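Chains as they are written, first to last, in our numbering: chain U, 1 to 175; chain H, 176 to 574.
Beta carbons: idealized from backbone N, C-alpha and C, even for Gly.
Everything numeric in this text was worked out from a predicted model, so none of it was measured.
Data block below; observations after.
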């Protein structure tokens, strides 16, 4: 793993390396290096399994983190590749040519975060939300509570508890 | 002269003539040509697992194109997590897979513990294994005979439900709940086994031993079942990594893939069991693997009960869970569910709320990209059988 990381650092400018546990490392690479790195890992390093691909919204930094989690089933190792892109309509290179299920991840990220993957099959087709015309709902600025209050009627006669207050009474009554 | 009814049944659609292949290499499907019809299977259909739907384009009685539609059960779990403290995520996360909720509890607890650096006591880990294997057993008791129901043999499915209920009785004793347990929490579990639990579980396992022999006779030796499943829904070996196929579906294609052995967690390294492998990679092979998994699970449960400490600490000390700030970091935790690798990707920003929790369940690829490709050229009567053999569970797609 150490030698592999050295090669990735030297060839693909990997930084912020976080070794979580044996056989699992997360690191960040610049956006232009992502596709060459993933190609390299798949073709030459045995990381032939794409476990997942998802986004994390860092709204305070005006960035999306895109994480690719690759797995080498022979050495039983996972690499979490992070990259950051702008939140204002910046797209990402598609990896649908490399894995058959990558297009599904990308289609979901387009719908839920608004991240574009030009060229990815059916990327503009709705994944879950047919007829959705609001902002992509997994963006941090989308307020589920507000949406729910505006969209659905409260049921009359229903008693509600604030979950945090209720749990405090139950778990830590003397605090 | 051929009887017109006979003529209908003798109809063999000549798939070499249509659909024609376009310049882009894809089939040209024009609904107004009269050669194709569009059929929706689901979201409410006995041959569909849960609330999902297949948009099928049919030619004769064969599928030309299939598109999976999900979203009928979307409750926005991953969004809800971002507004809840870690402990408040537990009642929500279990809803992501109704048949086997314990894998969600376990992954969420383990991810939180990894990020917070919590060590779980030994007895609690054995109890977690017990809960996870009981969950696997009750799913397999429903799923293995349930496969026969997709081709009209409903007896096995109903019969299996009785044995599943026996395990749900044990869950009720252990956790207080039958379907959703919320038994596994950060630091350990909620309670020890009640008195006499081992004996009662042992009796249940004996009955299940007998049931496995019965379903062999009813289903696996059944000529109709074999005819309808052997050679159907074949998954080539090179699809496994290309589509991220896991669990029994990968093992039925000859791959040694089992998270319990490949990435040992809890005390699975102290348990003696092997990969259950088949090579034909069709519907029958997938269910043969699950049938072997059923026997293996019963055996693992017996080993767990033999090794389980009589008493011990069941929960590590944790900070006040309502003010618990989880250190900044990220992790991916996985376990082997009855359907395959089940993982949580968790990101903490150092606050009391998760920044992101992302579920990667086997159905995400099995029910969408794999199923869409596998159904092309399948007979419409085999759709349910193929789909159930992939063990699709829509809530884990549309978290």
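query, result
"Inter-residue Cα distance where the pair is residue 5 of chain U and residue 327 of chain H", "54 angstroms"
"Residue 228 of chain H: first and last residue of the uninterrupted beta strand (DSSP E) it sits in", "228-234"
"Identified DSSP bridge partners for residue 244 of chain H", "H:228"
"Runs of alpha helix (DSSP H) lying entirely within the stretch 87-172 of chain U, each at least 4 residues, in chain order", "102-113, 144-151, 163-171"
"Distance, residue 310 of chain H Cα to residue 476 of chain H Cα", "11 angstroms"
"Bridge-paired residues (DSSP) for residue 215 of chain H", "H:230"
"Residues within the stretch 402-423 of chain H neighbouring chain U, beta-carbon criterion of under 8 angstroms", "414, 416, 417, 418, 419"
"Chain-ordered neighbours of residue 48 of chain U on chain H, where CB pairs are closer than 9 angstroms", "416, 417"
"Cα-Cα separation between residue 357 of chain H and residue 308 of chain H, rounded to whole angstroms", "15 angstroms"
"Identified DSSP bridge partners for residue 81 of chain U", "U:27, U:68"
"Residue 522 of chain H: contacting residues in chain U (beta-carbon distance under 7 angstroms)", "56"
"At least three beta-carbon pairs within less than 8 angstroms, the stretch 274-285 of chain H to the stretch 455-463 of chain H", "no"
"Proximal residues of chain H, C-beta to C-beta of residue 130 of chain U below 9 angstroms", "244, 246"
"Those runs of the beta strand (DSSP E) which lie wholly inside the stretch 367-391 of chain H and span at least 3 residues", "none"
"For residue 479 of chain H, the nearest candidate out of H:442, H:514, H:506 (CA to CA)", "H:442"
"Any 3 or more C-beta pairs closer than 8 angstroms across the stretch 261-274 of chain H and the stretch 329-343 of chain H", "no"
"Residues bridged to residue 480 of chain H (per DSSP)", "DSSP, once it has assigned bridges, lists no residue as partnering residue 480 of chain H."
"Buried or exposed by the 16-neighbour rule on C-beta atoms within 10 Å, applied to residue 75 of chain U", "exposed"
"Of the listed residues H:267, H:465, H:242, nearest to residue 547 of chain H (C-alpha basis)", "H:242"
"Alpha-carbon to alpha-carbon, residue 11 of chain U and residue 514 of chain H", "38 angstroms"
"Cβ-based neighbour list, residue 466 of chain H, same chain, cut-off 6 angstroms, excluding 5 preceding and 5 following", "319"
"Residue burial classification, residue 171 of chain U (beta-carbon count within 10 angstroms, cutoff 16)", "exposed"
"Cutoff 8 angstroms; reference residue 524 of chain H; Cβ partners in own chain excluding five residues on either side", "503, 530"
"Alpha carbon of residue 427 of chain H to alpha carbon of residue 82 of chain U, nearest angstrom", "33 angstroms"
"Enclosing beta strand (DSSP E) for residue 254 of chain H [first to last residue]", "Premise fails: residue 254 of chain H lies in the alpha helix (DSSP H), 252-256, not in any beta strand (DSSP E)."
"Proximity to residue 406 of chain H [Cα-Cα], best of H:554, H:433, H:449", "H:554"
"First and last residue of the uninterrupted alpha helix (DSSP H) at residue 268 of chain H", "265-268"
"Test: residue 122 of chain H CB closer than 8 angstroms to a CB of chain U", "Look at the range of chain H in this structure, 176 to 574, and you will see that residue 122 of chain H is not part of it."
"Best match in H:374, H:361, H:285, H:300 for proximity to residue 575 of chain H [C-alpha to C-alpha]", "Chain H is shown from 176 up to 574; residue 575 of chain H falls before or after that span and cannot be answered."
"Rounded C-alpha distance that separates residue 55 of chain U from residue 110 of chain U", "10 angstroms"
"CB contact flag (residue 246 of chain H, residue 229 of chain H, <8 angstroms)", "no"
"Proximity of residue 568 of chain H and residue 272 of chain H at Cβ, strictly below 8 angstroms", "yes"
"Cα-Cα separation, residue 240 of chain H to residue 512 of chain H", "30 angstroms"
"Bridge-paired residues (DSSP) for residue 508 of chain H", "H:519"
"Option in H:544, H:275, H:481 with minimal Cα separation from residue 353 of chain H", "H:275"
"Beta-carbon gap between residue 98 of chain U and residue 38 of chain U smaller than 8 angstroms", "yes"
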